[in-house]
Amino acid sequence: MRTNFIQASITVSNLFYNQLLSLTDITLLRSEMSVSTTKSADEAKDKVKTGQEEKESNTSGKKRPLTDTVEDASCTNEEEVESSSSVKKKLKTDTGQDTAGYSSKPSDLSTGSSRDSHGVSNNEKSDSTALIAEHYNTLEEKSLSHRSQSRILYMRNFNNWIKSMLIYEYLTKVKQNKNHNSPLKVLDMCCGKGGDLLKWKKGEISHLICADIAEVSIEQCKNRYNEMLNRSSNVRGFAPIFTAEFIAADCTKVRLREKYKDVTIQLDLVSCQFAFHYSFESLPQAECMLRNASECLRPGGYFIGTVPDSYDLVSRWQKCEGDKFGNDVYSIEFVCKDKTKPPLFGAKYNFHLEGVVNCPEFLVHMPTLSKLASKFGLELVMFERFDNYYEHVKNEGKSLLGKMQALETYPPYHESPLLGQHSQDYQHAISYMQNLPDHRKIGTLSQAEWDATSLYAVFAFQKKEAE
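Sequential numbering from 1 applies to the sequence shown in the UniProt record's numbering.
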């Protein structure tokens with residue numbers, strides 16, 4: 001199966017999620033964004049296709065309102081999806097040629113390559129790993145009330161909704177190919193504090209392996225699991241939740257299999273959410289991460305995750321003066337200085353997201369990732385930007401979108417303050433409301449939040465049968 005990669009010359013569409021105050025309708029509004037990523041014709045070789053050309057027209061920046069229905073949103077953002085369907089369109093990939101703008105071709109990959117030398121030095125690499133571990137070890141555990149005051153509350157909820165839909169979709173795929181009631185085993189790489197534990201519970205898995213570089217995060221994850229276990233055991237009629245094991249290790253440098261309780265375990269699903277990009281600090285680290293994802297994954301199983309879209313990142317970088325860009329929600333400053341030919345590995349940038357992230361990250365060149373993953377028996381079957389993935393799963397996830405409170409009400413109730421800092425953050429909402437037949441309130445993401453969340457994409461690899 002061939003796959004076509006995301007178009008290097010793609011215009012970032014404006015995606016805003018508009019919802020009736022009664023929470024019975026939701027409208028997807030597309031409008032032109034301040035961020036537009038138009039690149040050269042040569043870069044257009046590596047584009048993602050769905051098999052239908054309407055996809056490209058959907059990202060043209062033209063306004064195109066769509067409507068769905070959504071149930072009452074009275075639950076917390078911890079609520080998970082009850083039902084979802086699989087993305088029906090598998091994407092096809094062509095890794096035969098490199099994307100313009102990178103200094104090497106994925107076909108040149110070999111272990112021990114020094115091609116990342118243009119990015120960061122060996123000393124910087126060790127410093128980056130230490131910084132990442134320190135950042136997540138010292139990240140303060142915040143209460144629900146504190147998180148509800150976050151400037152990026154709705155963006156975080158929307159990102160969590162994307163994860164929920166992705167995880168449920170591929171758990172469903174796995175279950176369709178297994179005997180009823182057979183064990184379902186999952187590896188959560190870079191699990192953090194256990195933010196996805198409830199998703200695994202809702203997915204009715206049998207066993208979970210949690211691994212993360214930050215020892216403090218692993219302890220917090222273990223504590224969350226134990227609390228969940230105690231709550232379940234105290235409720236009459238509830239079936240026991242999944243068993244779990246916890247590993248504090250750098251997934252980019254340590255062979256996880258050697259730390260499993262059962263080294264012969266066959267995993268059905270591997271998940272790595274908002275963390276895989278750390279592995280592209282160097283080729284050996286990327287290979288180690290992929291080996292950990294693939295080594296115990298059974299044939300037919302899936303490796304899924306979320307990752308920044310390197311094409312969009314590079315495009316924004318090339319359009320800005322200097323090496324830094326962003327807004328009041330996020331900022332990115334590139335450390336590697338060659339805008340025209342960033343390296344395949346070690347293309348370092350410092351990423352700051354309001355109140356959440358402040359550490360170095362690395363570009364993930366998707367043709368390189370696909371080529372490298374194939375060495376470990378992994379075939380890319382899906383890679384989509386968040387806005388396109390939303391198009392695929394919005395109908396199945398519309399009630400969850402409300403439950404997870406992923407939309408900000410505009411205008412706000414009772415003069416409650418908006419999270420956006422500037423009037424232009426809601427210009428799209430104002431324009432949309434002018435076309436409504438009545439004066440109902442809507443729900444939306446602020447412009448600044450969308451500028452940040454539109455940097456990301458979802459991916460899925462499938463483990464091939466042994467030849």
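Every residue, glycine too, gets a C-beta built ideally from N, C-alpha and C.
Residue i, buried or exposed, once every other Cβ within 10 Å from all chains shown has been counted against 16
{"i": "A466", "result": "exposed"}
{"i": "F351", "result": "buried"}
{"i": "E204", "result": "exposed"}
{"i": "R440", "result": "exposed"}
{"i": "S279", "result": "buried"}
{"i": "K39", "result": "The predicted position of K39 is uncertain, since its pLDDT is 36 and thus under 50; a value taken from the coordinates is nonetheless stated next. Buried."}
{"i": "S217", "result": "buried"}
{"i": "L436", "result": "exposed"}
{"i": "P342", "result": "buried"}
{"i": "S282", "result": "buried"}
{"i": "R151", "result": "buried"}
{"i": "S399", "result": "buried"}
{"i": "Q462", "result": "buried"}
{"i": "P412", "result": "exposed"}
{"i": "R395", "result": "It is worth fixing the name first, because residue 395 is Asn in this sequence and not Arg. With fewer than 16 Cβ atoms within 10 Å of its Cβ, N395 is classed as exposed."}
CA-to-CA distance, residue j to residue i, given in whole angstroms
{"i": "D212", "j": "D438", "result": "50 Å"}
{"i": "residue 468", "j": "P308", "result": "No answer is possible for residue 468: the residues shown for the chain start at 1 and end at 467."}
{"i": "H428", "j": "H392", "result": "23 Å"}
{"i": "E219", "j": "C190", "result": "13 Å"}
{"i": "K339", "j": "R316", "result": "10 Å"}
{"i": "E379", "j": "Q285", "result": "19 Å"}
{"i": "Y432", "j": "Y426", "result": "10 Å"}
{"i": "R64", "j": "W161", "result": "Low local confidence applies: a pLDDT of 27 at R64 is under 50, so the model's placement there is unreliable, with the coordinate-based value given in what follows. So the two alpha carbons sit approximately 22 Å from each other."}
{"i": "K371", "j": "A239", "result": "42 Å"}
{"i": "S206", "j": "H414", "result": "46 Å"}
{"i": "K201", "j": "N181", "result": "15 Å"}
{"i": "E169", "j": "E227", "result": "27 Å"}
{"i": "E408", "j": "L418", "result": "8 Å"}
{"i": "residue 495", "j": "K178", "result": "No answer is possible for residue 495: it lies beyond the span of the chain, which begins at 1 and ends at 467."}
{"i": "V458", "j": "Q434", "result": "34 Å"}
{"i": "L267", "j": "I167", "result": "15 Å"}
{"i": "I304", "j": "E258", "result": "22 Å"}
{"i": "R231", "j": "I241", "result": "10 Å"}
Residue nearest to residue i in terms of C-alpha spacing, selected from the options
{"i": "E321", "options": "F334, Y311 and Y330", "result": "F334"}
{"i": "residue 488", "options": "H414, E258 and K222", "result": "Outside the displayed range of the chain (1 to 467) lies residue 488, so it cannot be described from this structure."}
{"i": "M382", "options": "A460, L153 and G305", "result": "A460"}
{"i": "D451", "options": "E408, N160, R291 and D312", "result": "D312"}
{"i": "L445", "options": "S164, A406, K202 and Y170", "result": "A406"}
{"i": "F376", "options": "D250, N159, V329 and R298", "result": "R298"}
{"i": "L198", "options": "P183, Q176, K175 and K163", "result": "K163"}
{"i": "K464", "options": "A275, N327 and G301", "result": "G301"}
{"i": "E354", "options": "V329, G346 and E361", "result": "V329"}
{"i": "F345", "options": "Q318, E384 and H277", "result": "H277"}
Under the three-state DSSP convention, the category residue i falls into
{"i": "E465", "result": "coil"}
{"i": "L269", "result": "strand"}
{"i": "N327", "result": "coil"}
{"i": "C296", "result": "coil"}
{"i": "Y302", "result": "strand"}
{"i": "G379", "result": "The amino acid occupying residue 379 in the given sequence is Glu; Gly does not appear at that position. E379 falls in the strand class under three-state DSSP."}
{"i": "K341", "result": "coil"}
{"i": "E227", "result": "helix"}
{"i": "L353", "result": "strand"}
{"i": "L372", "result": "helix"}
{"i": "C190", "result": "coil"}
{"i": "A286", "result": "helix"}
{"i": "R115", "result": "Caution is warranted here: a pLDDT of 38 is assigned to R115, below 50, making its placement in the model unreliable, and no coordinate value can be reported."}
{"i": "C359", "result": "strand"}
{"i": "V216", "result": "helix"}
{"i": "F238", "result": "coil"}
{"i": "F276", "result": "helix"}
{"i": "K185", "result": "strand"}
{"i": "Y413", "result": "helix"}
{"i": "K222", "result": "helix"}
{"i": "K259", "result": "helix"}
Range of the contiguous alpha helix (DSSP H) that encloses residue i
{"i": "N159", "result": "L153 to Q176"}
{"i": "F386", "result": "F386 to K403"}
{"i": "H428", "result": "Q427 to Q434"}
{"i": "A452", "result": "Q447 to T453"}
{"i": "Y311", "result": "S310 to K319"}
{"i": "residue 519", "result": "Summary: the structure shown does not reach residue 519, with the chain confined to residues 1 through 467, and so no result is reported for it."}
Closer than 7 Å: residue i CB and nearest the ligand COA heavy atom
{"i": "Y170", "result": "The ligand COA is absent from the structure shown, which contains no ligands of any kind."}
Start-to-end residues for the beta strand (DSSP E) that takes in residue i
{"i": "L208", "result": "H207 to D212"}
{"i": "T409", "result": "E408 to Y410"}
{"i": "F246", "result": "T243 to A248"}
{"i": "G322", "result": "Looking at the DSSP string, G322 is not in any beta strand (DSSP E), and its letter there is neither H nor E."}
{"i": "T252", "result": "Neither: T252 is in no beta strand (DSSP E) and is coded neither H nor E."}
{"i": "T444", "result": "I442 to T444"}
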